Amino acid sequence: MKESSVKKYSLQRIPISLSCYLKAKKISRSPVSTTNSNMKKKVLLMGKSGSGKTSMRSIIFANYIARDTKRLGATIEVEHSHVRFLGNLVLNLWDCGGQEAFMENYFTSQRDNIFRNVAVLIYVFDVESRELDRDLHYYQSCLEAMLHNSPDSKVFCLIHKIDLVHDNQRDVIFKDRSEHIKKLSKPLEVTCFKTSIWDETLYKAWSSIVYQLIPNVKELEQSLNLFATLMEGDEVLLFERATFLVISHCQRKQHRDIHRFEKISNIIKQFKLSCSKVAAAFHSMEVRNSQFAAFIDEFTSNTFVMVVISDPNIPSAVTLINIKNARKHFEELEKQSQANVLTR
Amino acid sequence: MSSLAEEQFEGGDSFPKDFGYGSYDDENSGPQVQNGKTRILLMGHRRSGKTSIQKVVFQKMSPNETLFLEGTNKITKEDIANSSFLQFQLWDCPGQMDFQDFDADLIFAKCGAVIFVIDAQDDYMEALNTLNLVVTKAYNVNKNIRFEVFVHKVDGLYEDNKMETQRDIHQRSNDDLLDAGYDHITLSFHLTSIYDHSIFEALSKVIQKLIPQLPTLENLLNILINNSGIEKAFLFDVVSKIYIATDSSPVDMQSYELCCDMVDLVIDISGIYGLEESPDVPAFDSRSSSLIKLNSGTILYLREVDRYLALVCILREDNFEKQGVINYNFLCFREALQQVFEIRNKSNGAGEPGSDTESIEKLGVVNNHAG
Chain E
3 MKESSVKKYS LQRIPISLSC YLKAKKISRS PVSTTNSNMK KKVLLMGKSG SGKTSMRSII
63 FANYIARDTK RLGATIEVEH SHVRFLGNLV LNLWDCGGQE AFMENYFTSQ RDNIFRNVAV
123 LIYVFDVESR ELDRDLHYYQ SCLEAMLHNS PDSKVFCLIH KIDLVHDNQR DVIFKDRSEH
183 IKKLSKPLEV TCFKTSIWDE TLYKAWSSIV YQLIPNVKEL EQSLNLFATL MEGDEVLLFE
243 RATFLVISHC QRKQHRDIHR FEKISNIIKQ FKLSCSKVAA AFHSMEVRNS QFAAFIDEFT
303 SNTFVMVVIS DPNIPSAVTL INIKNARKHF EELEKQSQAN VLTR
Chain W
288 MSSLAEEQFE GGDSFPKDFG YGSYDDENSG PQVQNGKTRI LLMGHRRSGK TSIQKVVFQK
348 MSPNETLFLE GTNKITKEDI ANSSFLQFQL WDCPGQMDFQ DFDADLIFAK CGAVIFVIDA
408 QDDYMEALNT LNLVVTKAYN VNKNIRFEVF VHKVDGLYED NKMETQRDIH QRSNDDLLDA
468 GYDHITLSFH LTSIYDHSIF EALSKVIQKL IPQLPTLENL LNILINNSGI EKAFLFDVVS
528 KIYIATDSSP VDMQSYELCC DMVDLVIDIS GIYGLEESPD VPAFDSRSSS LIKLNSGTIL
588 YLREVDRYLA LVCILREDNF EKQGVINYNF LCFREALQQV FEIRNKSNGA GEPGSDTESI
648 EKLGVVNNHA G
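One line per chain: the protein sequences are E and W, in this order. What the first sequence shows, in the working numbering, is residues 3 to 346, in sequence order. What the second sequence shows, in the working numbering, is residues 288 to 658, in sequence order.
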């Protein structure tokens, strides 16, 4: 135990280096138990032409703002992109152009190439589509090909452009569509989301998708829990650095807003974009009023952390030191899962 | 659909009950209205974007949602910056208002500024005629009204086209006024769009012109930043993100935008985590503050001034080492600001802005450089 990492404060809250604490409590790190040793995960993005596949990809992974997606042209055939996510996880995104000619091609001549080794299929439905039957027909062809080539993959359906539907109709239409899709998808299990690039729903969907792909998510959660308890924080969120998707969280106090994670992702991403306009990026931020203090800080080389504290007697400096001390532990956690992958 | 005449009548319903007729004593006392709020009129042809402006700036509607807005068919009023410091009321006038015969006396008598919105993406010849009509009518009623022309929806124009359009509108409207024999009226022009910060900037300028204490506020801000090692400071109305004053160094659009976005961030995050069980309590309260560190060695620092106002400062990280001094100076600044507006309230608007110098002397600001 390094004494230097422990600093006393006048308030006598002694931050403890988290890794030491973990050792003391004998929380063993189980070897990474993910079945898939290949950390490159293939993600297929499919859907009718103009349904918004490239737009959402650009917003989540390429820092576009929603308005800028108007400039995007149609995708020709398949656009591949590699997104390094959390350092060791690489998402291999296949953005498949949705024009009919291409679609027919995917199911015939390119069938094996496209549908082999898929980890995740994301199928995008345009909520305003006039040719729902045709969409569903393609969707079923997709599933058929998936069942044949990569039966273990996960399937997500996004009912997209939900902002075009009137507010009070959204839930009804979404329920109706998702039930229909689920029925059609049997025997495969699908998860449906309603999404729009204009609000936080997009972040919710992608956070859930990415969450399924993180290898050592259980350990992360365990550590976050301990971290939050030691700091007396209400809530700790862990964000992926590039996308600001929430990859893990710990909640110690009930909160009324269940959509807050996506909202926070969206808010911070927006601010990150405004910083980039002045050719800067933010290191840390602190927001407080009489009820709470929130700290958002750089954490590991792949993550940002957000800590929410409601006890007004905890000075900012203590929380900042705690975050700094926890950094080491989480760095190590990341390194280890990386090493585990390499040795396989 | 009710007839036009009825709509005009409906509009009359929304006038304040205590509307004082016939008192023209304040005709020469500047745009500041002594009793009640300074009125700003939002006028222009239908579908020029008046209600969108009002919704985006004052009700935080997202710009793309304004597509669903329906036409306005009676005058709607919105209180802006409704603090003890500032009191304004924005009147959103229906676009199809019959400009030939409406009660000009009633509308323009107690008005501080008229904002005329012109859709730059549309044919604006007809709008220019209306502008001329509104300006001359208003001027005949109240010679102190300021005229602000928003060349709006410029997000759809190419960059070089924007200036060209503004120049053309400027030229034509001034020629029209000259022809009518009103060449001494000055119109101000602003290029605006709801999709970026230009609309906030333009409205900030409009409102600043209506604050008689502006020179004093500027002076106070200058004293604050010079003594605290701050580079730039804005006094924000947090709801609308309009800045009501800044120090006298030139405004760099980018830093204004960054500060705007910071106010947004603070309000949004406070709205999620900083609310008590009852939703009536505002998220922005007396202990609201925020600190953001950028990798360029710059710090953004926000402090609450009063329920509706926040001070946002931009400063170098090195100068932030003595945060205590900055906090102390800020408290002095806040106190001075309160004194300025107390004087106004006591004298009920009759006090000259110059008489506030006393409060500046009381500023016990400590110099950050002195150590």
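Ideal Cβ positions, reconstructed from N, Cα and C, are used throughout, including at glycine. Every value quoted in this text rests on a predicted model; they were computed, and no experiment measured them.
Run through chain E and tell me which residues come within less than 8 Å of residue i, C-beta to C-beta.
i        : result
W/Lys580 : Phe284, His285, Ser286 and Met287
W/Thr585 : Ala282
W/Val553 : Val289
W/Ser577 : Met287, Glu288, Val289 and Arg290
W/Tyr482 : Arg69
W/Leu598 : Here the premise fails: no neighbours, minimum Cβ distance about 15 Å.
Verify whether the separation of the beta carbon atoms of residue i and residue j is less than 9 Å.
i        : j        : result
W/Ser527 : W/Phe345 : yes
W/Ser335 : W/Val421 : no
W/Asn582 : E/His285 : yes
E/Ser57  : E/Thr71  : yes
W/Glu742 : W/Leu598 : Residue 742 of chain W lies beyond the residue range present for chain W, which begins at 288 and ends at 658; the question has no answer from this structure.
W/Trp340 : W/Tyr411 : The question names Trp, but residue 340 of chain W is Ile in the sequence shown. No, the pair does not count as a contact, with Cβ atoms beyond the cut-off.
W/Val525 : W/Tyr426 : no
W/Ile669 : W/Val401 : Nothing can be reported for residue 669 of chain W, as the shown portion of chain W is limited to 288 through 658.
E/Met148 : E/Leu204 : no
W/Lys324 : W/Asp366 : yes
E/Ile270 : W/Leu552 : yes
W/Ile498 : W/Ala532 : yes
E/Val80  : E/Lys43  : no
E/Val307 : E/Leu239 : yes
W/Ile662 : W/Leu490 : Since the first and last residues shown for chain W are 288 and 658, residue 662 of chain W lies out of range.
Under 7 Å Cβ-Cβ, which residues of chain W neighbour residue i?
i        : result
E/Ala296 : Ile556 and Tyr560
E/Ser276 : Glu544, Leu545 and Asp548
What residues match up with residue i in a beta bridge as DSSP calls it?
i        : result
E/Lys206 : Note: E/Lys206 sits in no beta bridge, so no partner.
W/Phe434 : W/Val401 and W/Leu474
E/Phe195 : E/Leu160
W/Cys600 : W/Ala520 and W/Tyr588
E/His182 : DSSP, once it has assigned bridges, lists no residue as partnering E/His182.
E/Ser286 : E/Asp299 and W/Lys580
E/Gln253 : E/Glu237
E/Ala147 : Answer is none; E/Ala147 lacks a bridge partner.
W/Asp406 : W/His439
E/Cys98  : E/Val80
E/Gly49  : E/Val126
W/Leu377 : W/Ile327 and W/Glu365
E/Lys44  : E/Asn94 and E/Val120
Counting contacts by CB-CB distance shorter than 9 Å, is residue i in contact with chain C?
i        : result
W/Val526 : The displayed structure is made up of protein chains E and W, and chain C is not among them.
Between the Cα of residue i and those of the options, spot the shortest distance and give me the residue it belongs to.
i        : options                                   : result
W/Lys580 : W/Ser573, W/Asp572 and W/Leu589           : W/Leu589
E/Leu335 : E/Val238, E/Asn218, E/Ala319 and E/Lys255 : E/Asn218
W/Val493 : W/Leu474, W/Asn509 and W/Ile481           : W/Leu474
E/Ile116 : E/Asp137, E/Asn94 and E/Phe127            : E/Asn94
E/Met105 : E/Leu149, E/Arg136, E/Phe87 and E/Ser131  : E/Arg136
W/Gly558 : E/Lys279, E/Leu275 and E/Ile266           : E/Ile266
E/Asp236 : E/Val192, E/His261 and E/Phe294           : E/Phe294
E/Thr360 : E/Ile61, E/Ser51 and E/Ile67              : Beyond the ends of chain E as shown, which are 3 and 346, falls residue 360 of chain E; an answer cannot be given.
E/Val85  : E/Ser60, E/Asn291, E/Met308 and E/Glu133  : E/Ser60
E/Ile199 : W/Ala400, W/Glu352 and W/Gln610           : W/Glu352
E/Ile323 : E/Val309, E/Asp313 and E/Pro314           : E/Val309
E/Phe127 : E/Leu160, E/Leu232 and E/Cys194           : E/Leu160
E/Ser339 : E/Leu88, E/Val80 and E/Ile62              : E/Leu88
W/Thr423 : W/Glu451, W/Ala407 and W/Asn461           : W/Asn461
E/Phe158 : E/Ser111, E/Asn170 and E/Tyr213           : E/Tyr213
E/Asn327 : E/Asp313, E/Thr302 and E/Ile311           : E/Thr302
How would you list, in chain order, the residues of chain E whose beta-carbon sits under 7 Å from the beta-carbon of residue i?
i        : result
W/Ala570 : Asn291
W/Leu418 : By Cβ distance, chain E contributes nothing, its closest Cβ being about 30 Å from W/Leu418, past 7 Å.
W/Gln683 : In the structure as shown, chain W begins at 288 and stops at 658. Residue 683 of chain W is therefore absent and cannot be evaluated.
Going along chain E, which residues have a C-beta under 9 Å from residue i?
i        : result
W/Asn351 : Ala68, Arg69, Asp165 and Trp200
Listing by chain order, which chain W residues have their CB less than 8 Å from the CB of residue i?
i        : result
E/Ile266 : Ile556 and Ile559
E/Val310 : Tyr560
So does the stretch 169–176 of chain E actually touch the stretch 143–151 of chain E, counting three or more Cβ pairs closer than 8 Å? Flag = no, the stretch 169–176 of chain E and the stretch 143–151 of chain E do not touch.
Would you be able to state if there are at least three C-beta pairs under 8 Å between the stretch 453–469 of chain W and the stretch 490–506 of chain W? As far as the Cβ criterion goes, the stretch 490–506 of chain W does not touch the stretch 453–469 of chain W, which means the pair count is below three.
Is it a yes or a no for the stretch 241–249 of chain E touching the stretch 121–129 of chain E, going by three-plus beta-carbon pairs under 8 Å? Because the criterion of three Cβ pairs below 8 Å is not met, the stretch 241–249 of chain E and the stretch 121–129 of chain E do not touch.
Evaluate contact between the stretch 96–113 of chain E and the stretch 41–58 of chain E, counting only Cβ atoms and requiring at least three cross-stretch pairs below 8 Å. Under the Cβ criterion (8 Å, minimum of three pairs), the stretch 96–113 of chain E counts as touching the stretch 41–58 of chain E.
Are the stretch 475–482 of chain W and the stretch 433–449 of chain W in contact at 8 Å, needing three or more beta carbon pairs? Contact between the stretch 475–482 of chain W and the stretch 433–449 of chain W is present: 3 or more CB-CB pairs across the two stretches fall below 8 Å.
Stretch-stretch touch, CB-based, cutoff 8 Å, three pairs: the stretch 346–360 of chain W with the stretch 372–382 of chain W: With the cut-off at 8 Å, the stretch 346–360 of chain W and the stretch 372–382 of chain W touch.
Inter-stretch contact (C-beta, 8 Å, three-pair minimum) for the stretch 253–260 of chain E and the stretch 313–323 of chain E: Inter-segment contact for the stretch 253–260 of chain E and the stretch 313–323 of chain E is absent: fewer than three beta-carbon pairs are separated by less than 8 Å.
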